[in-house]
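In my numbering, the protein residues as written are 168 to 350.
We put the beta carbon where it would ideally sit given N, CA and C, even for glycine.
What you are looking at is a predicted structure, and each value in this text was computed from that prediction instead of being measured.
What follows is a short report on a single structure.
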């Protein structure tokens with residue numbers, strides 16, 4: 168088989184595989200109330216209705232374009248994590264989620280990448296379960312590509328304690344607390 172015919176064959180195979188159904192969307196992170204590590208013992212004010220509405224908004228969009236996007240929510244604050252292939256998709260999703268009644272804020276951590284890498288943006292649900300036990304009340308976590316994305320409200324001591332607890336965890340390279348309100 169010549170070089171040209173091999174390239175054509177590979178191109179045809181790639182196009183055939185591209186038509187396969189996308190992987191199912193990862194489950195939406197639903198934060199649970201946790202005991203506080205600090206002075207504030209108030210439980211997370213997570214609203215399951217908001218989580219359901221945001222999940223419906225994600226599912227109501229083009230499944231192929233948004234299959235690498237997931238979210239976490241705590242107290243009406245929504246964190247969007249993942250990847251899309253076009254900047255307008257990112258803006259479209261952020262506007263749609265912000266318009267949902269009960270959403271108090273949207274933090275967008277969606278990256279614009281090449282479509283071939285979308286499937287690598289799946290949340291690490293096992294690591295999220297492990298980290299959830301270390302979180303103070305009022306916080307939720309989403310872990311993608313070794314980054315622990317936090318959303319919600321916490322005391323400054325709670326954030327420092329969480330970061331210290333994951334400092335030696337080789338699976339966590341970074342903690343993104345940009346969506347956390349410090350109380």
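Endpoints, the alpha helix (DSSP H) within which residue i is located
i           : result
residue 108 : Coverage of the chain is limited to positions 168 through 350, which leaves residue 108 absent and any answer about it impossible.
residue 219 : 215-226
residue 335 : Note, residue 335: premise wrong, no alpha helix (DSSP H); not H, not E.
residue 298 : 292-299
residue 284 : Run containing residue 284: none; DSSP gives neither H nor E here.
residue 266 : Per DSSP, residue 266 belongs to no alpha helix (DSSP H) and is neither H nor E.
Residues bridged to residue i (per DSSP)
i           : result
residue 246 : 239, 274
residue 343 : 316
residue 321 : 349
residue 251 : 279
Same chain only: Cβ atoms within 8 Å of residue i, ignoring 5 sequence neighbours per side
i           : result
residue 311 : 237, 248, 249, 288, 289, 290, 291
residue 341 : 313, 314, 315
residue 347 : 306, 317, 318, 319, 320, 321, 326
Segment limits, beta strand (DSSP E) that includes residue i
i           : result
residue 309 : 306-311
Exposed unless 16 or more other CB atoms sit within 10 angstroms - verdict on residue i
i           : result
residue 304 : buried
residue 206 : The predicted position of residue 206 is uncertain, since its pLDDT is 28 and thus under 50; no value can be drawn from it.
residue 242 : buried
residue 281 : exposed
residue 279 : exposed
residue 257 : buried
residue 235 : buried
residue 350 : exposed
Contacts around residue i, its chain only, beta-carbon distance under 7 Å, and the 5 residues preceding and following it disregarded
i           : result
residue 223 : none
residue 339 : 313, 315, 333
residue 275 : 247, 257, 261
Close Cβ partners of residue i (< 6 Å) along its chain, the five nearest in sequence each way excluded
i           : result
residue 363 : In the structure as shown, the chain starts at 168 and stops at 350, and residue 363 therefore has no counterpart that could be examined.
residue 295 : 308, 310
residue 272 : 244
residue 285 : 235, 250
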